[in-house]
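In my numbering, the protein residues as written are 3 to 112.
All remarks here apply to the structure that follows.
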């Protein structure tokens, strides 16, 4: 007997199903939250929180993954990175996280 498992990625805000959904974490009043969003909805979340982040005080250091997510807000989208990587002879998957080595190569090239 064969078994097939299908993973459906859904944006928590809109309910849209897409492979471009990423999980993001944030905390408020000592409670940590996780939300799955496409990049446009993450941008909305970040824009909504930006004035508070700007005026707030940091209380800890972000993990490497959190720093990478924050850096990606100011840089190209995953789709743009993949397009650039392929055009520059880098091997990159169609889905999932874009490797840090490609992020670094992109930054060096720009």
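Beta carbons: idealized from backbone N, C-alpha and C, even for Gly.
{"Check": "With DSSP run on the structure shown, which of helix, strand or coil describes residue 44?", "Outcome": "helix"}
{"Check": "DSSP three-state label for residue 7, please.", "Outcome": "coil"}
{"Check": "When the distance is taken between beta carbons, is residue 37 closer than 9 Å to residue 21?", "Outcome": "no"}
{"Check": "Going by DSSP in three states, residue 93 sits in which element: helix, strand or coil?", "Outcome": "coil"}
{"Check": "Could you give the DSSP three-state label for residue 15: helix, strand or coil?", "Outcome": "coil"}
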